[in-house]
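Asker: In UniProt numbering, the protein residues as written are 1 to 110. For glycine and all other residues, C-beta sits at the position ideal for the given N, C-alpha and C. These numbers come from a predicted model, not from an experiment.
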């Protein structure tokens with residue numbers, strides 16, 4: 001797979017991340033709300049955050065090796081630690097931004 005395939009590979013991975021994240025978000029938020037008694041606003045945050053984080057993770061995981069090669073770096077050495085850090089940071093930021101928005105929509109303060 002060469003740089004000319006980057007857009008197609010990244011796009012497919014993002015779509016896969018969205019599909020997996022959507023299914024997991026629906027399952028986890030439904031179980032949390034219906035079985036565990038988690039409130040609707042917290043379940044909504046989970047429902048919205050899991051697909052977004054899955055898309056971000058899949059996109060970063062597929063884009064970072066292409067970026068490393070373009071910069072002349074060894075993707076096997078750089079990609080995994082950098083990807084983990086980026087996904088963790090973007091996941092937390094996404095979670096808190098979505099939580100803030102959902103809580104405001106429910107009339108709650110975060």
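In terms of residues, what are the limits of the alpha helix (DSSP H) holding residue 67?
Answerer: Walking along the chain shown from the start, residue 67 turns up at place 67. Its alpha helix (DSSP H) spans residues 40–70.
Asker: Report yes if the C-beta distance between residue 26 and residue 60 is below 8 angstroms; otherwise report no.
Answerer: Walking along the chain shown from the start, residue 26 turns up at place 26. Walking along the chain shown from the start, residue 60 turns up at place 60. Taking 8 angstroms as the Cβ cut-off, residue 26 and residue 60 do not qualify as a contacting pair.
Asker: Give the secondary structure of residue 37 by DSSP, where H, G and I count as helix, E and B as strand, and everything else as coil.
Answerer: Looking up residue 37 in the chain shown gives position 37. Three-state DSSP puts residue 37 in coil, outside helix and strand.
Asker: Can you determine whether any heavy atom of the ligand HEM sits closer than 7 angstroms to the C-beta of residue 36, and answer yes or no?
Answerer: This structure does not include the ligand HEM; it has no bound ligands of any sort.
Asker: Take residue 56 and list the residues in its own chain whose beta-carbon comes closer than 6 angstroms to its own, dropping the five residues that flank it on each side.
Answerer: Counting from one through the chain shown, the residue named residue 56 turns up at place 56. Cβ within range, chain order: 90.
Asker: Tell me the rounded alpha-carbon separation between residue 106 and residue 24.
Answerer: Taking the chain shown and counting its residues from 1, one reaches residue 106 at position 106. Taking the chain shown and counting its residues from 1, one reaches residue 24 at position 24. Distance between the alpha carbons of residue 106 and residue 24: 23 angstroms.
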